[in-house]
Amino acid sequence: MSRNMWFWWAQRISAIALIALLAVHLWVLHFSHPESTVTLGNVHQRLNTFRFLLVDYLLLFMALFHGLNGVRNILLDHSRFASRSRTITWALTVVGMVFCVYGGAALWYASQFVSL
34 MSRNMWFWWA QRISAIALIA LLAVHLWVLH FSHPESTVTL GNVHQRLNTF RFLLVDYLLL
94 FMALFHGLNG VRNILLDHSR FASRSRTITW ALTVVGMVFC VYGGAALWYA SQFVSL
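Residues 34 to 149 in this note's numbering are what the sequence shown lists, from first letter to last.
See the structure below:
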């Protein structure tokens, strides 16, 4: 299977994962306790549990991958960028890793240092 075919499959898998993770995120935030409102305390309590921190991080990772892979596909569809496939792929990978680390650090910081 070619490398582009792997990216094609990864785009579909990340879409399914995004739908599932978004459903979990929305359920926890809005539907599991309909009588409560979203407050700083609720967010802090949710982020202090590993599984919700993991869900939020996976949601961040999958959204970044899905979006940047979509940008990659759009760029490679144009003939003038097709010859730079490797450069585009690596540049978007670096951008994705930087934002993934930055977003993960923000989630970790929010879970550890939010004072109530």
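All residues carry an ideal CB built from backbone N, CA and C; glycine is no exception.
Which residue comes first and which comes last in the alpha helix (DSSP H) that contains residue i?
i, result
"Ser144", "Ser118 to Phe146"
"Ser69", "No alpha helix (DSSP H) holds Ser69; DSSP gives it neither H nor E."
"His99", "Phe83 to Asp110"
Using the three-state DSSP reduction, which class does residue i fall into: helix, strand or coil?
i, result
"Met34", "coil"
"Ser47", "helix"
"Asn75", "helix"
"His63", "helix"
Exposed or buried, which one is residue i when buried takes at least 16 other CB atoms within 10 Å?
i, result
"Leu54", "buried"
"Asp89", "buried"
Three or more C-beta pairs under 8 Å: does that hold for the stretch 119-138 against the stretch 102-109? Yes: the two stretches touch, three or more of their Cβ pairs being nearer than 8 Å.
Check whether the stretch 132-143 and the stretch 80-94 are in contact - that is, three or more C-beta pairs closer than 8 Å. With contact defined as three or more Cβ pairs closer than 8 Å, the stretch 132-143 and the stretch 80-94 are in contact.
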